[in-house]
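Everything in the sequence shown is counted per our numbering, starting at 5 for the first residue and increasing by one. Quick reminder that beta carbons are idealized off the backbone N, C-alpha and C, glycines included. Owing to the predicted nature of the structure, the values given are computational and were not obtained by experimental measurement. First the structure, in the form of structure tokens, and then the observations on it.
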Amino acid sequence: MHIYDVIVIGGGPCGLAMGVELAKSGLDYLILEKGNLTESIRRYPRRMRFFSTAENIEIGGIPFAISEVKANRNEALQYYRKVAGYYHLNFKLFVDVDRAEKQSDGTFHVYTHDGQTFHSRNVVLATGYFDVPRMLNVPGENLPHVSHYYDEPFKYSYTNVVLVGGSNSSVEAALELYRHDAHVTIVHKEADFRTKVKYWLVPDVKNRVKEGKIHTRFNSITKAIEPGRMLIENIETGETEWLPADFVFLLVGYLPDEHLLARCGVTLDPVTKVPVFNPEHYETNVPGLYLCGTVMAGVFTEKVFIENGREHAAAIADHLSGREVRKVKELIDRI
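Next comes the structure, spelled out in structure tokens:
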């Protein structure tokens, strides 16, 4: 039975950054990823461009050299794959972890859904939040024409598409769909788009709304979804309306997997779902179990990104190695 120094659960950018820091520290580690490397980025919209500039999502000290300031999805997939290869990171792919259990001898047993068991002295959860969409819990949410993930526009040309949400994902999808001949309506519970929408998208989407090319229903919530249509309610007037909807995208955000955290023994705030952890070195209430990246954000997923989540890895590696722990930068509010 091989006992690793550290098992990292999650092979996204922060999980890979963790692997790099563990390798540099001479620790015996294994990264377990339920999909392929940076699986969440692979599932992003195909034309998505990052908010952060390229240097702010670099890991392992390897420059992210691109012709533009901000990377797109494909460039990020190529970059992280090359970094993993450069450092010869030790990982196993398509291994879906069910839980990590602390044993009486101080080690962890990491159990997978397909019956495998791995052993380590420490565990780092770097599972992000993209796998668990926020649910509206309305009738019809699980119908085949409804999705919590937007992919690409060509499938939806000349159809009625309703997007629920007023943040980046909804705005980007709306603009792309409109430019590929979809009839687009945005439904959002607030009176306007979210203030954190990427600044270069705001004038574009607002001008398209003024022109009547993208339709909006602000101050409105989803009540029910049926094949071909969706019922909404204006929360100010109480009026209801059926919208034509060949396809519906519920782009209202995502959450860390609280059930996985709980199965690993991590204590969560019952309201915010923020786990208990040390803010300097990110060890949880379970000794030897750490959090790295957006998995620690609870409902506040806008607070942790690759650009500050990647730095958790260095602090964790320092703590595991008995070194002085490097301070992680605070992320400033984005303009």
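Residues bridged to residue i (per DSSP)
i: residue 164; result: 187
i: residue 228; result: 235
i: residue 122; result: 114
i: residue 245; result: 236
i: residue 137; result: 258
i: residue 283; result: In DSSP, residue 283 forms no bridge with anything.
i: residue 129; result: 13, 295
Length of the line joining the Cα atoms of residue i and residue j
i: residue 247; j: residue 129; result: 41 Å
i: residue 21; j: residue 236; result: 43 Å
i: residue 275; j: residue 249; result: 33 Å
i: residue 150; j: residue 217; result: 22 Å
i: residue 240; j: residue 223; result: 7 Å
i: residue 92; j: residue 325; result: 21 Å
i: residue 35; j: residue 15; result: 6 Å
i: residue 339; j: residue 261; result: Reliability fails at residue 339, whose pLDDT of 44 lies under 50, so the model's placement of it is uncertain and the value that follows must be treated cautiously. Computed Cα separation, rounded: 29 Å.
i: residue 33; j: residue 230; result: 48 Å
i: residue 182; j: residue 209; result: 10 Å
i: residue 55; j: residue 202; result: 7 Å
i: residue 331; j: residue 158; result: 45 Å
i: residue 317; j: residue 25; result: 6 Å
i: residue 225; j: residue 194; result: 9 Å
i: residue 192; j: residue 256; result: 9 Å
i: residue 196; j: residue 206; result: 11 Å
i: residue 152; j: residue 140; result: 10 Å
i: residue 259; j: residue 302; result: 7 Å
i: residue 37; j: residue 73; result: 29 Å
i: residue 296; j: residue 304; result: 15 Å
i: residue 300; j: residue 292; result: 16 Å
i: residue 278; j: residue 131; result: 14 Å
Close-in-space but distant-in-sequence residues of the same chain around residue i (CB under 8 Å, 5 per side omitted)
i: residue 49; result: 77, 154, 155, 156, 173, 176, 177, 180
i: residue 228; result: 142, 143, 144, 234, 235
i: residue 42; result: 15, 16, 17, 20, 80, 81, 84, 85
i: residue 243; result: 237
i: residue 160; result: 181, 184, 186, 250, 251
i: residue 165; result: 181, 186, 187, 188, 189, 249, 250, 251, 252, 253
Three-way DSSP call (helix, strand, coil) for residue i in this model
i: residue 147; result: coil
i: residue 5; result: coil
i: residue 63; result: coil
i: residue 182; result: helix
i: residue 54; result: coil
i: residue 305; result: helix
i: residue 13; result: strand
i: residue 68; result: coil
i: residue 106; result: strand
i: residue 221; result: strand
i: residue 83; result: helix
i: residue 339; result: Confidence at residue 339 is low in this model, with a pLDDT of 44, below 50, so the placement of that residue is unreliable and no value is reported for it.
i: residue 158; result: helix
i: residue 48; result: coil
i: residue 90; result: helix
i: residue 40; result: coil
i: residue 214; result: helix
i: residue 96; result: strand
i: residue 101; result: strand
i: residue 265; result: helix
i: residue 76; result: strand
Proximal residues to residue i (C-beta, below 7 Å), its chain only, five neighbours per side dropped
i: residue 198; result: 170, 171
i: residue 117; result: 100, 102
i: residue 70; result: 58, 79
Any non-hydrogen atom of the ligand FMN within 6 Å of residue i CB
i: residue 50; result: The ligand content of the structure shown is nil, which means the ligand FMN is not present either.
Proximal residues to residue i (C-beta, below 6 Å), its chain only, five neighbours per side dropped
i: residue 329; result: 284, 285, 319, 322, 323
(Q) I'd like to know if the segment 263–271 and the segment 281–297 are in contact, where contact means that at least 3 CB-CB pairs between them fall below 8 Å. (A) yes
Q) Is it a yes or a no for the segment 97–109 touching the segment 218–238, going by three-plus beta-carbon pairs under 8 Å? A) no
Q: Report yes or no: do three or more beta-carbon pairs, one from the segment 104–118 and one from the segment 80–95, lie closer than 8 Å?
A: no
(Q) Does the segment 7–17 come into contact with the segment 123–138, if we say contact requires no fewer than three beta-carbon pairs (one atom in each stretch) closer than 8 Å? (A) yes
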